[in-house]
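Enquirer: For reference, the structure I am asking about is given below.
There are 2 protein chains.
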Amino acid sequence: MEDMWKKRTERISWRDFRIMEGFWKKRQERNRQVTLPTIYEFFQDTGRMDSMKGLYKPDPTGKDILRDRANGKEEGVFLPGGEIISFQLSELNGEELEMDPNLVPRPHPYWDSDVAKWIEGASYALLHEPNPEVEKQIDKIVEAYEKLQGEDGYVNTYFTFVEPGKRFTNIHEKHELYCAGHMTEAAVAYYESTGKDRYLKLMCRYIDYIDRVIGPEEGKLHAYPGHQELELALVKLYEVTKEPRYLRLAEYFINERGKQPYYFDIECAREGRNPNQPTGKGFGLRDGMPQGPFAHFQAHLPVREQKDAAGHAVRLMYQCCAMADVAARTGDESLKKACRDLWDNVTLEKMYITGGVGAEAHGERFSFSYQLPNEQAYNETCAAIGLAMWAARMLQLENHRKYGDVLERALYNGIISGVSQDGKNFFYANHLECMPAVYEDRVERQTRMFPVRQGDFPVSCCPPNLARFTESITGYAMTQREDTLFLHLYLDMEGKISVRGQQVGLRVQTLYPDEGNVFLRVTPEEKEVRFTLALRIPQWCQGVKITICGEKISTQVAEDGYVYLDRSWKQGEELGLFLEMRPFLLEANPRVRMDCGKVSIQCGPFIYCLEEADNGTELFDICLDADTRLERLYDPELLGGTSCIVAKAKRRVREDWQGCLYRQAGSRYQDCDIRAIPYYLWSNRRIGEMVVWIRYR
Amino acid sequence: MEDMWKKRTERISWRDFRIMEGFWKKRQERNRQVTLPTIYEFFQDTGRMDSMKGLYKPDPTGKDILRDRANGKEEGVFLPGGEIISFQLSELNGEELEMDPNLVPRPHPYWDSDVAKWIEGASYALLHEPNPEVEKQIDKIVEAYEKLQGEDGYVNTYFTFVEPGKRFTNIHEKHELYCAGHMTEAAVAYYESTGKDRYLKLMCRYIDYIDRVIGPEEGKLHAYPGHQELELALVKLYEVTKEPRYLRLAEYFINERGKQPYYFDIECAREGRNPNQPTGKGFGLRDGMPQGPFAHFQAHLPVREQKDAAGHAVRLMYQCCAMADVAARTGDESLKKACRDLWDNVTLEKMYITGGVGAEAHGERFSFSYQLPNEQAYNETCAAIGLAMWAARMLQLENHRKYGDVLERALYNGIISGVSQDGKNFFYANHLECMPAVYEDRVERQTRMFPVRQGDFPVSCCPPNLARFTESITGYAMTQREDTLFLHLYLDMEGKISVRGQQVGLRVQTLYPDEGNVFLRVTPEEKEVRFTLALRIPQWCQGVKITICGEKISTQVAEDGYVYLDRSWKQGEELGLFLEMRPFLLEANPRVRMDCGKVSIQCGPFIYCLEEADNGTELFDICLDADTRLERLYDPELLGGTSCIVAKAKRRVREDWQGCLYRQAGSRYQDCDIRAIPYYLWSNRRIGEMVVWIRYR
């Protein structure tokens, strides 16, 4: 196998393909028309968009601290019954939030990253849909950052205005390098989209500064980010600048992480902090995790020794992205192996059927293997996005259907569930069950972890993350290794690849994932071009047929789950790929005890759910059995047009339960009709029950 | 119906009957030989037994505060996955608990109640098994309290030494009247057992003081206990002293509770405290409950308007005991109705099949209706005891099987599960499921809420509560109304009742609950005595046969679930009661979604569970079906001799799940043998899985 990979596999850039029609067209339109402007507005209203301008002055009355808290992250833990205990809010109870409206809000350590993610998403959109106003908005922000930037290159809003003189004194907790990472990604995106390089140069100066201050050499800090992100951003910067120092710095961060003595202990000792007592709320405890000190930050072990996915889920996903990125470029076998080990651990033991990861709300973190509670799932939207980002990068290391399958599982379920159909309301936590008890009495105590989509989002990682992901979706669809083009995702899109020195046009047309027919037209510059087209055949697919110009050809699915078509492609030839897409029932590994005795419905890449709006209440008492006939329908009226699944099911007769809590088993069951909708569409109608896992008899 | 109740129904006292043989004999022996001495020792080691002697002096170095915390209640909340976050411990992280061993520990607000419950339990034991050493131990404590008692009668350790001058300034949170209640119960028990009245007189002086300071009159505090308990104790004191002021004070507390403006608000305003910010940890928030301010304390509404069981479970149980006690004595119809409403709400919507109540660990409180999670059940042992206490008191208001059934359900399941077979280790929380994930990795973070029985118990409500309950068990077995003797519990016991001026001996012999045969011998002083014997026929009973001197008599179960036998009983006549006791499967109301698709096994009053020690791991994958043949066996070797249930079941074949987390439904099942043990016996062998609710196909 190994010699196949001597030439690097590279991802086809988001720039080279654009969405033309279909499922993603609608989502990108809404993203540009609603989501990105909504986020911009919210960021402006909350002070983020002006924070880097230096307007903030500490308020002597202390009121800005209150506002800080009110805007701030509400740390919380999920209780049985779905209740959230919000520690920070409880401290505010009874204190009136009467603040001087003229006060400029205090910037948060992570605000630079929020702004950056919005810029990144807006930049992707600009390439395909120019928008001078948005460009002006971005330019203004870049100008402000230019003014903010120090002579030495350092640029960070929080440490300039709120804790001046404290830079790099709390890398452990304060998101300083995390912000640098997102700003770098934004600068690269803006440059690649518009060709404007002021932001890019600004960030190069900053990264150069970081490179002078942190590194293996004596006299430098032997540090690594408290929240991984800069590592993967450095690889992007390396790709666009070709500056090898950036790749080396990413590699340094990865290799340094988790070495003993722990840098975070060293930092704490130097700064006189108690490593057991985080300066913020909650999760920074040195010994707070069974896997070891700093496991929350995946800094408990060197990354190559991390076999058990632990700690904060988004942090681990971003770390794995960078590990794969670096391994793909350096060929580091031990790093590749570490990626594969973690991949297997996450996707075979710790991933929801929706592609959600990070089951525990407390610490937004991975739980034990097979500990995948449905109602109390945390499943941060950002973590599912991180899993998709990682999957796409694993495809640079080796081609296998399993990566594309997980990418698609996250994409069509646990990622896009994060935004409402109106584009304005967001889930941070993506539950797999929702019961009235969870919210009926307690909706007033709502926080971002409540299963009601929220229009305000004081912690704003997920909304702009979704926005940038949506705009860059074509960047996840394909990889190329020499003359082989791998098609991992079936999106209705158009673009060009470069094969044997030729620019080759490709047009993919499909209603996927609402149906499984995909049409592909190759347009070489010359009369024909020879290359291998590798088509991923998803594991759910019940049968595959391929035609060229309407003629069926014999197909064989290779061991890696792809069909390889090595031929000369002629202008205008149309390839037809027909993926049989029938609904079926899934069961979980018996070790996932929450799902024992239950099934879920899948059709194509969609996982379906039952919602109260379609099926009434007490969804837990609906049963499917092995003979259940599932039928897929497309309903153009439902939720803006969607596939749904209808079936005959059974539910318990319950008129005779009055005044009885327990009794001898023997209930009768009666037939009922059910309709299941794609999971990502839940919670777009009235508040109500939802289940993904359905009883099975 | 109503005129039946013109004469009061009274409970037969624990003093009048003693356990002779069988199930409870073993438990009482262990209680006297192991549990009571273990508790005494622990209380002595932790300083409780000397706390009232005034040895404590605040340590200027503050180290006693640390010890205070280390010994103190570890407030915590249960997380998905069963993890406990212990707020208080987290504050201690990293601080070494190096304390001067000569320091006298700081008394806790609730220590008086711990000591009192031990005295109460020890006193009950003394009557039937004199023990001069224990009596001396109690006398010493009483002497110390006599020295502690102020001129005015006030007696409380914490407010004498830790917060002198602060008495009755934080009735809301500081357990002051709660301690008075338990001390009163202890004093009554000690007096009734030994005839010694020093403790009783001491407590009368204290209660007289409370009565002078709190009450409806102008100039008095219009207060009521922050933790209900004194109310029911006052009724006991009234019964033994016949002093009507004590009953009136209990009634005042009940009637005053929850009136607006709230006393706790008034107290906070007077003392300059913020009612939204508890002085201790956690649960005192004014607005912390959906039912309204102070619902944690059941002080959100007048008790007659409380239809929905809310707040701290033990508090509500003790409140309901007092409500029923007072209603039985005053004939207050509205109070009776309030008792019945709350009874129905608790037992038809919020009670586990084990008789456990208070599902939420956070606040040790009632959750929503039908919100009965199994793995994360809190079910404090004290709350199940409180439910049994309440059930026995409801039988003073009206006779119905439902009270006896619930009493028995709690008794043989959720109460006695609280102590290990060796008598030394205790559960505070009584889970209905236990999975390795809960403890395997996190056993080091163990707290009292972990599903491992604990031998130390910084918060010591449950162990002495169990001890006193076990010793007073015969007090729950019978009530009498004029010439009708109601037999609610079938215990192997002997004693006397008074009927028509005669002392009538009764001897009950039975192996119940391991079998359903009960023999009863009546021994009138004279040749015969006419009275009605009312025998509870439990709802689980599949058939009943009654014999008198071996002759079967025709029996009819009345609407209230009792068989009434009105006859002249002659010396030496033996009644045989044969309750058919076959194992059967139970299902829960469909609204209890956690139990949908599952059944539990009951036989007699025992609820059975599957434990890993008998059935291997992954118990969630074992299925029963409607045709399952259950067989009851008595195994004299198992766990000291117990009934168990054996059956053929099915479990999923799993050898082929390697490397797969989700796949198309269609697993095969194979036969397996299972053995279920009574729930209360779980966790007496090695640590392992346990389920009460079993999959059902």
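The listed protein sequences derive, respectively, from chains H and C. Per the working numbering, the first sequence starts with residue 1, numbered consecutively. Per the working numbering, the second sequence starts with residue 1001, numbered consecutively. Even for Gly, the Cβ is constructed at its ideal location relative to N, Cα and C.
Look at residue 1629 (chain C) and residue 1124 (chain C) and say whether their C-beta atoms are less than 8 Å apart.
Expert: no
Enquirer: In chain order, what residues of the same chain have a beta carbon less than 8 Å from the beta carbon of residue 1504 (chain C), not counting five sequence neighbours either side?
Expert: 1496, 1497, 1498, 1522, 1523, 1524, 1525, 1529, 1531 and 1569
Enquirer: Any beta-carbon of chain H closer than 8 Å to the one on residue 1589 (chain C)?
Expert: yes
Enquirer: Quick test of your reading: residue 1609 (chain C) and residue 1691 (chain C), contact by CB under 8 Å. State the CB separation rounded to the nearest angstrom.
Expert: 6 Å
Enquirer: Give a single yes or no on whether residue 239 (chain H) has its beta carbon closer than 7 Å to a heavy atom of the ligand ADP.
Expert: Inclusion of the ligand ADP in the displayed structure is not the case, the ligand content being empty and no account of it being possible.
Enquirer: Count the other CB atoms within 10 Å of the CB of residue 1621 (chain C); is the residue buried (16 or more) or exposed (fewer)?
Expert: buried
Enquirer: Using a Cβ-Cβ cut-off of 8 Å, state whether residue 1662 (chain C) counts as contacting chain H.
Expert: yes
Enquirer: Since residue 654 (chain H) is in the alpha helix (DSSP H), which residue starts that stretch and which ends it?
Expert: First-last for residue 654 (chain H): undefined, no H or E at that position.
Enquirer: Using a 10 Å radius around the Cβ and a threshold of 16 neighbouring Cβ atoms, would you call residue 653 (chain H) buried or exposed?
Expert: exposed
Enquirer: Please specify which runs of the beta strand (DSSP E), each continuous and at least 3 residues long, are wholly inside the region 1571-1595 of chain C, giving them in chain order.
Expert: 1574-1579 and 1584-1588
Enquirer: Would DSSP call residue 83 (chain H) helix, strand or coil?
Expert: Unreliable positioning characterises residue 83 (chain H) in this predicted model, as indicated by a pLDDT of 34, which lies under 50. A coordinate reading is not provided.
Enquirer: Name the residue from C:1337, C:1268, C:1379 and C:1026 whose alpha carbon lies nearest to the alpha carbon of residue 1313 (chain C).
Expert: Per the Cα distances, C:1379.
Enquirer: By how many angstroms is the C-alpha of residue 142 (chain H) removed from the C-alpha of residue 185 (chain H)?
Expert: Each residue's Cα considered, the two are about 14 Å apart.
Enquirer: Give the single residue among C:1246, C:1541, C:1581 and C:1205 whose Cα lies nearest to the Cα of residue 1330 (chain C).
Expert: For residue 1330 (chain C), the closest of C:1246, C:1541, C:1581 and C:1205 by C-alpha to C-alpha distance is C:1246.
Enquirer: With 8 Å set as the bound, which would you pick, yes or no: does the beta-carbon of residue 1693 (chain C) sit closer than that to a beta-carbon of chain H?
Expert: no
Enquirer: Would you say the region 1218-1227 of chain C touches the region 1170-1185 of chain C, given that touching needs at least three Cβ pairs under 8 Å?
Expert: yes
Enquirer: In its own chain, which residues sit with a C-beta less than 8 Å from the C-beta of residue 537 (chain H), not counting the 5 before and 5 after it?
Expert: Here the set comprises 401, 544, 557, 561, 562, 563 and 579.
Enquirer: Following the continuous beta strand (DSSP E) through residue 1609 (chain C), name the residue where it begins and the one where it ends.
Expert: 1606-1611
Enquirer: By alpha-carbon positions, which one of H:213, H:250 and H:146 ends up nearest to residue 200 (chain H)?
Expert: H:146
Enquirer: Thinking C-alpha only, which one of H:607, H:140 and H:593 is nearest residue 1617 (chain C)?
Expert: For residue 1617 (chain C), the nearest C-alpha among the options comes from H:593.
Enquirer: Taking the alpha helix (DSSP H) that residue 133 (chain H) belongs to, which residues open and close that run?
Expert: That run of the alpha helix (DSSP H) goes 132-148.
Enquirer: Helix, strand or coil: which one does DSSP assign to residue 673 (chain H)?
Expert: strand
Enquirer: Hey, quick one: how far does the alpha helix (DSSP H) through residue 220 (chain H) stretch, first residue to last?
Expert: Per DSSP, residue 220 (chain H) belongs to no alpha helix (DSSP H) and is neither H nor E.
Enquirer: Taking 8 Å as the threshold (beta carbon to beta carbon), is residue 1347 (chain C) in contact with chain H?
Expert: yes
Enquirer: Tell me where the beta strand (DSSP E) around residue 1518 (chain C) begins and ends.
Expert: 1517-1524
Enquirer: Please compile the residues from chain H whose C-beta is within a distance smaller than 8 Å of the C-beta of residue 1665 (chain C).
Expert: 584, 585, 586, 587, 599, 626 and 696
Enquirer: Identify, in the order they occur along the chain, each residue of the same chain with its Cβ nearer than 6 Å to the Cβ of residue 1542 (chain C), setting aside the five sequence neighbours on each side.
Expert: 1580 and 1582
Enquirer: For residue 365 (chain H), which of H:353, H:348, H:384 and H:354 has the nearest alpha-carbon?
Expert: Considering only alpha carbons, the answer is H:384.
Enquirer: Could you tell me whether any Cβ in chain D is nearer than 8 Å to the Cβ of residue 18 (chain H)?
Expert: Among the protein chains of the structure shown, namely H and C, there is no chain D.
Enquirer: When we look at the beta-carbon of residue 50 (chain H) and count the other beta-carbons within 10 Å, is it buried (16 or more) or exposed?
Expert: buried
Enquirer: Taking CB distances under 8 Å as the criterion, tell me whether residue 1678 (chain C) reaches chain H.
Expert: no
Enquirer: Give a yes or no on whether 8 Å exceeds the smallest Cβ distance from residue 1593 (chain C) to chain H.
Expert: yes
Enquirer: Just how far apart, CA to CA, sit residue 1014 (chain C) and residue 1233 (chain C)?
Expert: 16 Å
Enquirer: Taking the alpha carbon of residue 574 (chain H) as the reference point, which residue from H:585, H:509 and H:117 has its own alpha carbon closest?
Expert: H:509
Enquirer: Which complete alpha helix (DSSP H) runs does the region 2-31 of chain H hold, if anything under 4 residues is left out?
Expert: 22-30
Enquirer: In the region 641-659 of chain H, which residues sit with their C-beta less than 8 Å from some C-beta in chain C, listed in chain order?
Expert: 652, 654, 657 and 659
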